[in-house]
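Asks: Next up is a structure, given as structure tokens.
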Amino acid sequence: MHAPFPTPPLPAPRTGPGQGTGRGFAVVDVETTGLGRSDRVISAGVYQLDPDGEVTDHWYTLVNPERDPGPVWIHGLTSEVLAGAPTFPEVAAEFAERLRERVLVAHNALFDWNMISREFSRAGLRAPVEQRLCTMVLARDLRLPLPNGKLSSLAAHFGVHQRQAHHALDDARVLAEVFRPSLELARSGGVPLPLTACVAVTDLGEEAAAAGPAAGPARGSWSSSYRPGRKRPPCPYPNPGRWTDGSPLVQGMRVAITGDTATDRELLEDRATEAGLHIASSVSRLTSLLVTNEPGSWSGKARKAREYGTPVVGEDAFLQLLREVAPHPGA
């Protein structure tokens with residue numbers, strides 16, 4: 002069985018303003034049964050940091066998902082190990098106290114936030130998190146010379162040793178250690194922290210997903226909810242060109258989506274198709290718009306969008322744009 006790691010020593014801090022981070026940060030990692038909406042949290046690690054990045058406490062728990070644990074070869078948590086663990090409702094109160102009034106920090110933070118938000122929702126509760134910070138985005142904003150977006154690459158850049166990858170507490174420890182110098186670099190260089198408002202899945206009209214019988218794919222993909230889409234009819238409108246900020250979407254525009262989305266991916270694509278948009282499977286010079294919650298990711302679509310200068314919006318903004326799609330000029 003996994004045992005918690007002790008709080009590691011970190012380098013001496015540099016003092017600096019809290020930059021609106023309240024009580025500080027909750028550096029979080031969760032291991033899950035898969036990547037989909039119906040998948041469950043099976044372990045969680047949290048390192049609490051003060052506004053200057055000092056570790057003040059850490060916490061770890063296994064969680065019984067009451068279903069198949071999924072990719073055991075990745076996280077190492079078997080049904081036997083999890084059988085005696087508490088269920089999420091049994092740890093929800095303590096988990097909430099570890100998060101309250103803190104900025105949630107995670108690597109590919111939208112994934113962890115969505116999983117945590119759904120678990121709280123299933124328990125009839127709301128995760129007490131108002132803002133999150135993705136260390137992938139922060140690394141991009143700091144222009145760190147990383148070969149890819151993996152936590153291992155970020156750890157290697159700062160000389161942090163990973164003891165047990167895909168162990169929630171050790172991943173959270175590693176992230177706490179790399180976040181501290183990242184925070185110092187941001188503050189010394191005047192780089193704003195990329196804080197993002199956390200929207201609960203229930204606020205997006207998504208009901209808490211019931212636990213399914215089968216596990217999702219192994220974690221490691223950039224998308225936590227993507228499923229191969231069914232074949233869609235061709236868009237009846239020619240592409241009117243790129244979307245322009247401040248203007249409505251126009252029927253026929255080619256829209257690509259990448260990364261984790263709070264709204265089920267298939268539902269999001271259905272809404273776009275019904276509005277007269279063309280869902281593109283890749284990004285090219287003809288792509289009108291890329292929808293992603295992590296524009297700085299190293300996914301193929303995000304890289305191509307940066308290369309071609311393709312306009313990019315987040316999921317929430319895209320949902321707003323879908324409310325009023327302009328008719329095609331030739332319609």
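Residue numbering for the sequence shown follows the numbering used here, starting at 2 and increasing by one per position.
Glycine residues also receive a C-beta, built at the ideal position from the N, C-alpha and C atoms.
G85: which of V29, R68, Q49 and P330 sits nearest, CA to CA?
Replies: Selected option, being the one with the closest Cα: R68.
Asks: Report yes if the CB atom of R133 is closer than 9 Å to the CB atom of V106, and no otherwise.
Replies: In this structure, V106 lies closer than 9 Å to R133 by Cβ.
Asks: Is it the case that the Cβ atoms of A201 and V179 are separated by a distance below 9 Å?
Replies: Cβ atoms of A201 and V179: not closer than 9 Å.
Asks: Just list the residues that DSSP pairs E267 with in beta bridges.
Replies: DSSP output for E267 lists no bridge partner at all.
Asks: On the premise that V175 lies in contact with L152, defined as a C-beta separation below 8 Å, what is that separation, rounded to the nearest angstrom?
Replies: That belief holds up - the Cβ atoms of L152 and V175 are roughly 6 Å apart, short of 8 Å.
Asks: Using C-beta distances below 6 Å, list every residue in its chain close to D113, excluding the 5 sequence neighbours before and after it, in chain order.
Replies: Around D113: V29, V31 and A107.
Asks: Report yes if the C-beta distance between L126 and A27 is below 9 Å; otherwise report no.
Replies: The answer is no: Cβ separation not under 9 Å.
Asks: Note down the Cα distance separating H329 from L323, rounded to an integer number of angstroms.
Replies: For H329 and L323, the distance between alpha carbons rounds to 14 Å.
Asks: If you draw a straight line from the alpha carbon of A281 to that of G23, how long is it in whole angstroms?
Replies: Approximately 41 Å between the Cα atoms of the pair.
Asks: In the DSSP output, which residue or residues are listed as bridge partners for S44?
Replies: E32 and L63.
Asks: The beta strand (DSSP E) spanning L196 covers which residue range?
Replies: First-last of the beta strand (DSSP E) with L196: L196 to A198.
Asks: Measuring straight from C-alpha to C-alpha, what distance separates L287 and S154?
Replies: Distance between the alpha carbons of L287 and S154 is about 33 Å.
Asks: Go ahead and label G234 buried or exposed: buried means 16 or more other beta carbons lie within 10 angstroms of its beta carbon, across all protein chains shown.
Replies: Position check: residue 234 holds Pro in this sequence, whereas Gly was assumed. It is exposed - the Cβ of P234 has fewer than 16 other Cβ atoms within 10 Å.
Asks: Give a yes or no on whether the C-beta atoms belonging to P296 and G315 are separated by under 9 Å.
Replies: Their beta carbons are under 9 Å apart, which means P296 touches G315 by this criterion.
Asks: So, is D172 buried or exposed, given that buried needs 16 or more other C-beta atoms within 10 angstroms?
Replies: Per the 10 Å Cβ criterion, buried.
Asks: What residues are listed by DSSP as bridge partners for D172?
Replies: Per DSSP, none; premise fails for D172.
Asks: Please name the residue or residues paired with H279 in a DSSP beta bridge.
Replies: Bridge partners of H279: R255.
Asks: Near A93, which residues of its chain fall below 6 Å by C-beta distance, leaving aside the five closest residues on each side in sequence?
Replies: Answer for A93: A124 and L126, listed in chain order.
Asks: Take E98 as the anchor and find which of A306, G25 and T264 has the nearest alpha-carbon.
Replies: Closest option to E98, Cα to Cα, is G25.
Asks: Which same chain residues, not among the five before or five after G331, have their C-beta less than 8 Å away from its C-beta?
Replies: Cβ neighbours of G331 beyond the five flanking positions: Y238 and P239.
Asks: Compute the Euclidean distance between the alpha carbons of D261 and S300, then round it to the nearest angstrom.
Replies: Cα to Cα, the separation comes out at about 11 Å.
Asks: Which residue's Cα is closest to the Cα of R304: S285, P249 and V82?
Replies: For R304, the nearest C-alpha among the options comes from S285.
Asks: I'd like the span of the alpha helix (DSSP H) that includes A157, first residue to last.
Replies: Per DSSP, A157 belongs to the alpha helix (DSSP H) from L152 to H158.
Asks: Once the 5 residues before and after L269 are set aside, which same chain residues still bring their CB inside 7 Å of it?
Replies: Once the five neighbours on either side are set aside, the close Cβ partners of L269 are I258 and T262.
Asks: In this structure, how does DSSP classify L143 when only helix, strand and coil are distinguished?
Replies: Reduced to three states, the DSSP call for L143 is coil.
Asks: Go through its chain and collect everything with a Cβ distance to R141's Cβ below 6 Å, but skip five positions before and after it.
Replies: Around R141: G297.
Asks: When you compare each of A327, K302 and D53 to A177 by their alpha carbons, which one comes out closest?
Replies: Selected option, being the one with the closest Cα: D53.
Asks: Taking C-alpha atoms, which residue in R38, T57 and G37 lies nearest to R181?
Replies: When each option's Cα is compared against that of R181, the closest is T57.
Asks: Classify P70: buried if its beta carbon has 16 or more other beta carbons within 10 angstroms, exposed otherwise.
Replies: The residue in question, P70, is buried, as its Cβ has 16 or more Cβ neighbours within 10 Å.
Asks: Output needed for L145: all residues of its chain with C-beta closer than 7 Å, excluding positions within five of it in sequence on either side, in chain order.
Replies: Counting only Cβ-Cβ distances below 7 Å, and skipping sequence neighbours, we find H158.
Asks: Assign E325 to one of two classes, buried (16 or more other C-beta atoms within 10 Å of its C-beta) or exposed (fewer than that).
Replies: Label assigned to E325: exposed.
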